[in-house]
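Participant: The structure that follows is given in the form of structure tokens.
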Amino acid sequence: AQTVTQSQPEMSVQEAETVTLSCTYDTSESDYYLFWYKQPPSRQMILVIRQEAYKQQNATENRFSVNFQKAAKSFSLKISDSQLGDAAMYFCASQETSYDKVIFGPGTSLSVIP
Amino acid sequence: KAGVTQTPRYLIKTRGQQVTLSCSPISGHRSVSWYQQTPGQGLQFLFEYFSETQRNKGNFPGRFSGRQFSNSRSEMNVSTLELGDSALYLCASSLEGVEAFFGQGTRLTVV
Chain A
20 AQTVTQSQPE MSVQEAETVT LSCTYDTSES DYYLFWYKQP PSRQMILVIR QEAYKQQNAT
80 ENRFSVNFQK AAKSFSLKIS DSQLGDAAMY FCASQETSYD KVIFGPGTSL SVIP
Chain B
909 KAGVTQTPRY LIKTRGQQVT LSCSPISGHR SVSWYQQTPG QGLQFLFEYF SETQRNKGNF
969 PGRFSGRQFS NSRSEMNVST LELGDSALYL CASSLEGVEA FFGQGTRLTV V
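Quick note, the sequences are listed as chains A and B, same order. Using this note's numbering, you'd call the opening residue of the first sequence number 20 and step up by one each time. Using this note's numbering, you'd call the opening residue of the second sequence number 909 and step up by one each time.
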């Protein structure tokens, strides 16, 4: 069964510093998709970054980057130069095929300290 | 370009009643998925529709149902509401079935 685990319920980071959120997953597929979603207090889920499993290069989006370790089934998110607006719940998620259900991890609550 | 619109934003219902939630996807998106978010269970997949057909369904009782119209708008219905159905219900639409865009959700409270 497809599962996603986030072992850090809460994290905090000083403004302008770097933080890494951890995620491990399990799937029987060789090609799949991985995502990090951000959910601020407004509850709007926002896609932060996505990674296709067949791509060896780690995805980056401005201050956000991932460390994708396919063999270890690990998918961590690094946020550089943290800003107050980064404070939110972060969900790691996986999807085995296009149009398939997305499985979410339990989330990591990130606080940014001014 | 308008985002995913969910109505209503907030809803209070009594146990035993039924409720219908609405979701209008981004223009051109034909796939609509529904998720339930609760503090205890997190985000759980309910079902996914594409071109008016339900293609995937999560592990929810038959009281949870949905449909999609020809304009891709989708509705979700919950009958015989229980206290445990109190949750944030999120709708997401997708163009290519991979990158999901979420609405702001409907907060359902069952009393």
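Just so you know, even glycine gets a beta-carbon here, dropped at the ideal spot from N, CA and C.
Which residues of chain A have a Cβ atom closer than 8 Å to the Cβ of B:Ala995, listed in chain order?
Facilitator: Counting from one through the second sequence, the residue named residue 995 of chain B turns up at place 87. By Cβ distance, chain A contributes nothing, its closest Cβ being about 12 Å from B:Ala995, past 8 Å.
Participant: Please decide whether B:Val1006 counts as near chain A, where near means a Cβ-Cβ distance under 8 Å.
Facilitator: Walking along the second sequence from the start, residue 1006 of chain B turns up at place 98. Answer yes: the Cβ-Cβ gap between B:Val1006 and chain A drops below 8 Å somewhere.
Participant: Does the distance from the C-beta atom of A:Gly126 to that of A:Cys42 stay below 8 Å?
Facilitator: Sequence index remark: in the first sequence, residue 126 of chain A carries index 107 (1-based). Sequence index remark: in the first sequence, residue 42 of chain A carries index 23 (1-based). Against a cut-off of 8 Å, the Cβ pair of A:Cys42 and A:Gly126 comes out as no contact.
Participant: Which class does A:Met53 belong to by DSSP, given the choice of helix, strand or coil?
Facilitator: Taking the first sequence and counting its residues from 1, the one referred to as residue 53 of chain A is at position 34. Looking at the sequence itself, residue 53 of chain A is Leu, so the reference to Met does not match. Here A:Leu53 sits in strand by DSSP.
Participant: To test your reading of the DSSP string, which unbroken beta strand (DSSP E) runs of 3 or more residues are found completely within the stretch 926–1002 of chain B?
Facilitator: With a minimum length of 3 residues, the continuous beta strand (DSSP E) runs that stay inside the stretch 926–1002 of chain B are 927–932, 939–946, 950–958, 961–965, 972–976, 982–986 and 995–1002.
Participant: In whole angstroms, what is the alpha-carbon distance linking A:Ala78 and A:Lys89?
Facilitator: Walking along the first sequence from the start, residue 78 of chain A turns up at place 59. Walking along the first sequence from the start, residue 89 of chain A turns up at place 70. One C-alpha to the other measures close to 13 Å.
Participant: What residues from chain B crowd round A:Asp119, counting only those whose CB sits closer than 7 Å?
Facilitator: Sequence index remark: in the first sequence, residue 119 of chain A carries index 100 (1-based). What A:Asp119 touches in chain B: Asn964.
Participant: Considering just the uninterrupted stretch of the beta strand (DSSP E) at A:Asn86, what are its terminal residues?
Facilitator: Here residue 86 of chain A refers to the residue found at position 67 of the first sequence. That run of the beta strand (DSSP E) goes Phe83 to Gln88.
Participant: Taking only runs of the beta strand (DSSP E) that begin and end inside the stretch 55–125 of chain A, which ones reach a length of at least 3 residues, in chain order?
Facilitator: Fully enclosed beta strand (DSSP E) runs of 3 or longer: 65–71, 83–88, 93–98, 107–114 and 121–123.
Participant: Assign A:Ala20 to one of two classes, buried (16 or more other C-beta atoms within 10 Å of its C-beta) or exposed (fewer than that).
Facilitator: What you label residue 20 of chain A is simply residue 1 of the first sequence in a count that begins at 1. Flag for A:Ala20 reads exposed.
Participant: When you check each C-beta in the stretch 103–117 of chain A against every C-beta of chain B, which residues fall closer than 9 Å?
Facilitator: Per Cβ criterion, the list reads Phe110, Ala112, Gln114, Thr116 and Ser117.
Participant: Using beta carbons (cut-off 8 Å, strictly below), is B:Glu956 in contact with chain A?
Facilitator: Translated into positions along the second sequence, residue 956 of chain B becomes position 48. So, interface residue.
Participant: B:Gly992 to B:Val986, Cα distance in whole Å?
Facilitator: Working through the second sequence from its first residue, we reach residue 992 of chain B at position 84. Working through the second sequence from its first residue, we reach residue 986 of chain B at position 78. Looking at the two C-alpha atoms, the distance is approximately 12 Å.
Participant: Just to make sure I have the definition right: I need the residues of chain C whose C-beta is within less than 9 Å of the C-beta of A:Ser61. Which are they?
Facilitator: Annotation note: the requested chain C is absent from the structure, which comprises protein chains A and B.
Participant: Whole angstroms are fine: how far does the CA of B:Gln976 sit from the CA of B:Pro1025?
Facilitator: Limits of chain B in this structure are 909 at one end and 1019 at the other, which puts residue 1025 of chain B out of reach.
Participant: For B:Arg963, tell me which candidate among A:Ser99, A:Ser26, A:Thr116 and A:Thr37 has the shortest Cα-Cα distance.
Facilitator: Taking the first residue of the second sequence as position 1, residue 963 of chain B is located at position 55. For B:Arg963, the nearest C-alpha among the options comes from A:Thr116.
Participant: Tell me which residue opens and which closes the beta strand (DSSP E) that A:Gln33 is part of.
Facilitator: Indexing the first sequence from 1 puts residue 33 of chain A at position 14. Counting along the chain, the beta strand (DSSP E) containing A:Gln33 begins and ends at Glu29 to Gln33.
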